[in-house]
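K.L.:
Residue numbers (the numbering used here): 7 to 80.
#1: Evaluate residue 29 with the Cβ neighbour count: other Cβ atoms within 10 Å of its Cβ, from every protein chain shown; 16 or more gives buried, anything less gives exposed.
#2: Helix, strand or coil, according to DSSP, for residue 43 in the structure here?
#3: Of all the options 77, 42, 52, which has the alpha carbon lying nearest to the alpha carbon of residue 63?
#4: Alpha carbon to alpha carbon, how far is residue 48 from residue 57?
#5: Hey, how far is the Cα of residue 14 from the Cα of residue 22?
#6: I want to see whether chain C comes within less than 8 Å of residue 24, judged by CB atoms only; does it?
Structural data, given as structure tokens:
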């Protein structure tokens with residue numbers, strides 16, 4: 007089961023079966039962007055929704071723990 011955190015209008019999702027580098031899928035109103043949890047930079051082309059990085063930063067420790075729990079070998 008993925009980790010899902012609701013932060014304002016954003017849903018932060020760490021999938022159980024995903025590829026490196028450690029990242030979170032940030033979803034809002036039909037849009038999705040992947041944010042690298044080590045650099046806090048977008049892994050996708052195009053603009054990053056306003057407030058997206060702040061939402062990830064607010065839950066960074068929890069998101070990193072979830073990534074490590076789901077992907078201990080990576």
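C-beta: ideal position from N, C-alpha, C; glycine also. Only a predicted model underlies this, so the values are computations on that prediction, with no experimental measurement involved.
P.N.:
If we stick to the structure as given:
#1: What you label residue 29 is simply residue 23 of the chain shown in a count that begins at 1. Buried, because 16 or more other Cβ atoms sit within 10 Å of the Cβ of residue 29.
#2: To locate residue 43, count along the chain shown from 1; it is residue 37. Three-state result, residue 43: coil.
#3: Against the chain shown, residue 63 aligns to sequence position 57. Residue 63 has its Cα closest to that of 42, out of 77, 42, 52.
#4: Locating residue 48 in the chain shown gives position 42, where the first residue counts as 1. Locating residue 57 in the chain shown gives position 51, where the first residue counts as 1. Residue 48 and residue 57: Cα-Cα distance of roughly 13 Å.
#5: Locating residue 14 in the chain shown gives position 8, counting from the first residue. Locating residue 22 in the chain shown gives position 16, counting from the first residue. If you take the alpha carbons of residue 14 and residue 22, they lie about 23 Å apart.
#6: The structure shown contains no chain C, having only a single protein chain.
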